[in-house]
Amino acid sequence: MNLPCPNCGVRPITEFLYGELTSVPDAITDADARDVDRAFMRNNPQGPQTERWFHVYGCRRWITLQRDTRTDEVL
Amino acid sequence: MPKLDRFPLTRIVSTPALLDGIQTSTTAIVMRTAPDELFWLGSPAAPVINDPHAIIEHDTSFVGTWLSTQAATAWVSANCEWQLPTTRPVFAQGEVAGLPVKLWIEPRRMLVLVQQPFAADLGERLQ
Amino acid sequence: MTESSQPLKLIIDGQPVPFVKGDSVLVAMLRNQHHPTGGGCLCLGGDCPHCLATIDGVAYVRTCQVPARPGCVVACTHHAHAVPALPQTHHVEPTTNARHQHADVVVIGQGKSGLAAAELARTAGQTVVTLDAAQGQDVIGIYPGAQVVARTTQGMLIVHVRQEIIVATGAAELHPVALGNSLAGLMTARAAQQLQAAGLSLGRIVVINDANRLVRFEGESNVTAVVVRDDQGLEQHVGCDTAVIDLGTTPRNMLHRMAAGLPGVRVSVVGDAATNSDVPNCPAHGLVCHCSQVGVADLQSVWDRGFHELELVKRASLAGTGTCQGGVCLPYVRSFLANKGGTLQPAFTARPLARPITMGEVAAGGHHHVTLRTPLDGVHRAAHAHMERAGGWWRPWNYGDWQAEYWAVREAVSIMDVSTLGKMLISGPDALTLLDRLYPTKVSTIKTGMSRYVLLLDEKGYVLDDGLISKISDTRYTLTFTSGGATTAELWVRDWAESWGLNVRILNQTMSLGAINVTGPLAKELLARAGLEKPPEFLSHVEAHVAGIPCRIFRLSFTGELSYELHHAAVNAPVLWRTLLDLGKSLNIRPHGLEALLKLRLEKGHIIVGQDTDFDSTPRRIHHEWAVKLDKPDFVGKHAVLRTNKVSLDKILCGLSMEGPPPIEGANLTVDGNYAGYVTSATWSPILGKTVMLAWLKLSNDLAPDRVMIDGRPAQRTETPFYDKEGARAKA
Amino acid sequence: MNEFIEQRVSLTWQQPKKSYDVVIIGGGGHGLAAAYYLATRHGITNVAVLERSYIGGGNSGRNTTIIRSNYGIPEAVRFYQRSVDLYATLEAETDRWVMHKEKGMIGLAHSEANMRVEKARAAVNTAFGAKTDWIGPDEVKKMCPELDMTGGGHYPVVGAAYHHSGATARHDRVVWAFAEGAMKRGAHVHQRIEVTGLQIAGNRVTGVQTTQGDIAAGAVLCAVGGHVTSVAAMAGLRLPIRTHQLQAFVTNHYERTFAPILSSGPLLFYVSQTARGEMLMGAEIDRQPSYSYRSDYKFLQGCAFRAVTLLPFLRNLQVLRQWTGVCDMSPDYSPIMGQTGVEGFYITTGWGTWGFKAIPASGEQLAAAISTGKTPDLIAPFSLDRFALDRTMADRGSAGTH
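Chains as they are written, first to last, in my numbering: chain A, 941 to 1015; chain B, 11 to 137; chain C, 16 to 747; chain D, 913 to 1314.
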């Protein structure tokens, strides 16, 4: 499986480290509850997810992309 | 085992726009490792950049070797999962033989560079 | 003697056996009246398990696919479906090589349709790689990437496909399922043709081309007759030496099923492999799965007990789980289940590997994860240091005598290679903003030329790392992190800088700078000898030359003694190291390794993040609240610290001391016989004459007990530091 | 016929009813074990297990069958030791052959740092009933003569933690033994029924919506693997779970002469030989979340490379099949079990790479929780609210590979 690095080109996924973008649902309003959600809870979607990857073997910069977690297809 | 040499270079970290504006040289090797970072190897010395916040470091930690095109092709074919760019000269970086390498590819030869902590393994894996 | 006059021989079960050039091992064996497994319908197409043998120490090899070579050693370890022994190989043979290739199109199979597909793609200007089992290119799997992986006669080949994978693997011939179908003398029509072409005599031949008429095969070990039903339904015995099976084909579509749906690439199937896989008639008797020895009666038995799903039948009977991975039996198992349940269930998932290959072949092209080496690695090894992997680096554990190293630090002077420390330079108008939001300390109060010990917290309020912030100017700072924490730190700092949109430049200097810690009461004297006239004061830093080498010198202390950390260009590390050792000879200098350092720092109560801290170490739990300024504006982890501070404290990291030798690190603490925590670090302190420890201690009723038991011995809670409580020695 | 054909278990399928006392979502080991223990320990048999595919078709059928209790924290050691004990008597209790075999597990150390970790683990294990000894290189070699003690010249073996009760059992057989045992006592197991929603009245779950209609329930246990986030969302719950791929592979079968379970943390590799004689191997989870069941070559290549470094004889074995399961990983590497804040809705998840070994204890404890309405002490530390309460169960011992 490959990821497209805008700085370096298409590279195997093993060159990258995974990072996540957290988002707390608006429905959670209590400040402490929001803090717990941000720290621990995960959307863990089955489908497209926007995510961050650090290109540790190449430019050592973060890239942002969308991936479908069902197929691993980069969108 | 091929002999690895030290390739002291200048690392410049600045804004992408200022790095875009740097005139490349016909004699020095200029590697754009990231939008905000550039390696300058060889003479003339790296040009002065108009950024008081730029980080300009003389970096002595890179070691490597020049491979003939034939040796480079064989090594890459056995050790590299990704496809090298086809233009020459060209800079490329990524994982080769399990190591984070920087490649400078010329029509008739290729420079393989790694940072010192990987040098011993590069030496073994170039065999 | 010329080559041609020397008969070619391979070794079968210890006996030299001649073969003819061009023979496969199987043909050579049959030519000499050997049958590798003793029976079953031979296909000679690599599809069935009936020609398995051990070749050159590798069991489960399909002998029909291996060209006979002189001296090749064959053992019939699969005769009558015996299970081969685990090989005893202890020596390491050279690894097969692996190659990578990139192409627009890969065509698997070079029969008529495969050739045509490749030609069409080439005409369209695409780069094409063709792989053909008949030419020794066995595709073992199709993987995300997309990658087509094949074992070839030149080693492993990994083709990275840009556009299309075309499966043109043809069709396999159906095998017979009837009583007696594991006798020798059965072969498919294609196999029979090949054997005849190779000049083998097949004797009397009976051709079976109608499964409905086949009743059974008869014979002791070789087939001697086939019983068929005639038009009137009567059984007819037909004597024979060879039963040729011509029952039609089933598409070889495993690779297509494996590849279907792969993202980023088109997958197509052409030729016979694309035909509909109609299933044969439901068998009534006989062996269905030869690999796992599963008969029709076995399928019936599991069906009767409620196993109806194909996957459950497979798992209950093990049909389809052997070396041919269902290649022979799957059509019949599906047919059986369709007959019982009324619906044809889809074939089970096609998983790699399509062809078994050895782990040695699979391992080709693999590498060990690199353990990093400092610029002084060669120097340590030349000094016969005992090197250990720690935090991703090779580090000197000791140089033969940790006690002498320890005392050199406490009483004279010592140096240590600390190049492994994470080192980072931050510059830019927003440098201070970035650090103030990242760290729980008030970075704005650090003065130019000064340093501060800092914790780095994550969003859970737990300790991620610790290190030092040093201010060079209002817009420039250096940061240090733990060894092994450098990459995490870099991606952490870059991530926040980006998400806050701050104007900063970041350089990770971990590998470009060497670092040597000069420590001990005579450290200042040593540096004076190296030409450093004005060493920095405690917690400050300067740029200066040491032994002629430009360094940034930090004054801090992990060992508890007067210490200077010299950061310098990596290239200069060996010279600086050797010069310091030379200059310190009369001061009784000796370098120290990690073993001595771990004891030195423990006497000072200094924690090691990752060893003494755990996943849930809040500053409060590790008694580092002083490092967190809750009265400053928001920083990463602030809310979590405020939130968790509201909860009662359940455990603390504390100092313990006891008489006698240290327990193991990890030893349990008990209070009144109940578990009360565990030791994270322990050492016998040479200078204090007792054991000192850090430990996680559970609170009971909001109180931390003063005394605990460890391995049946009492230990006392003790304030840290254990040694030089006022820090007079470090600040000297 | 081979000796491994299942010859005893009888599965009896029923038509779904409109209402059950307990509905269990997920017909894997955990769900079926819960049904089994509800029936056998609490006499609750008006129970349905709903499986969207076939029983044991998820991670129960994709794991590497290792049973052990050498975890890193007392709460986990105690819990997994309960599972080890239940596994040890499962064959006697169910009168079914699940191919359970105690083998002992060797956790190799290759450096001073490893040694420290393995010794610490042995201490906490032994204190909480999971006997684990530190053994030296000579003893390691005696227990596993196939080992290259130099680790291919790269990873010398300096010792190991030896966990006496490390065992294996056939994963499918465990699933079937629990399924049959529950069915025999009246529980229903329904395949090919997928839960599409939960019925909730006030703050109480009252039933499930399925692809075959609504089913009322007094209590609902979510025991799914891989889709737990979606099912929890039906109850309005957010979970601290990420779903990752875990890959494994197996060789052909050989004579059963490789005795132990062997693992190496630094090499990210573990191996055992199955009852049938296959060498079964695995490594670490993939770092990014994914629900894909596709295996990749680099995993196979890397794991095989590390494997032959330690066990050179593996070089000549033929790899037969590789596969991928998905595992639900919690931030503290510990499971999440029990009540959820929605009345009558129970959960068992966060099983990461250690779900198989937990099946009996998880089933037993959740059955107790459901039948009594009280959380048993053994699983109380693993409640979902521990994250908000700053009582996480950080377990370095389970952050291992299997």
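Every residue, glycine too, gets a C-beta built ideally from N, C-alpha and C. Remember, it's a predicted structure, so these values are computed and weren't measured experimentally.
On the criterion of 16 or more Cβ atoms from any shown chain inside 10 Å, does residue i qualify as buried, or is it exposed?
i	result
residue 296(C)	exposed
residue 1269(D)	buried
residue 17(C)	Residue placement at residue 17(C) is flagged as unreliable, the pLDDT there being 46, under the threshold of 50; the coordinate-derived value follows with that caveat. Residue 17(C) should be labelled exposed.
residue 514(C)	exposed
residue 291(C)	exposed
residue 318(C)	buried
residue 641(C)	exposed
residue 653(C)	buried
residue 962(A)	exposed
residue 169(C)	exposed
residue 722(C)	exposed
residue 1015(D)	buried
residue 298(C)	buried
Is the Cβ-Cβ distance between residue i and residue j less than 9 Å?
i	j	result
residue 1254(D)	residue 1116(D)	yes
residue 217(C)	residue 210(C)	yes
residue 95(C)	residue 54(C)	yes
residue 1001(A)	residue 45(B)	yes
residue 1205(D)	residue 1235(D)	yes
residue 1005(A)	residue 943(A)	yes
residue 564(C)	residue 587(C)	yes
residue 1140(D)	residue 1282(D)	no
residue 1267(D)	residue 326(C)	no
residue 331(C)	residue 1162(D)	no
Sorry if obvious, but does the Cβ on residue i come closer than 8 Å to a heavy atom of the ligand ATP?
i	result
residue 1048(D)	With respect to the ligand ATP, the structure offers nothing, as it holds no ligand at all.
Compare the C-beta of residue i against all C-beta atoms of chain A and say whether one is closer than 9 Å.
i	result
residue 506(C)	yes
residue 119(C)	no
residue 520(C)	no
residue 38(B)	no
Between residue i and chain D, is any beta-carbon pair separated by less than 9 Å?
i	result
residue 322(C)	yes
residue 984(A)	yes
Measuring only between beta-carbons, confirm whether residue i sits less than 9 Å from chain C.
i	result
residue 940(D)	no
residue 1213(D)	yes
residue 71(B)	yes
Under three-state DSSP, which class holds residue i?
i	result
residue 690(C)	strand
residue 127(B)	helix
residue 986(A)	coil
residue 669(C)	strand
residue 358(C)	coil
residue 244(C)	strand
residue 234(C)	strand
residue 1134(D)	strand
residue 1106(D)	coil
residue 118(B)	coil
residue 711(C)	strand
residue 507(C)	helix
residue 954(A)	helix
residue 79(C)	helix
Counting only C-beta atoms, is residue i closer than 9 Å to chain B at any point?
i	result
residue 976(A)	no
residue 510(C)	no
My understanding is that residue i touches residue j, with C-beta atoms under 8 Å, so please give their C-beta distance in whole angstroms.
i	j	result
residue 1156(D)	residue 1197(D)	4 Å
Near-chain F residues of the stretch 944-960 of chain A - C-beta to any C-beta below 9 Å
The question asks about chain F, but that chain is absent: this structure's protein chains are A, B, C and D.
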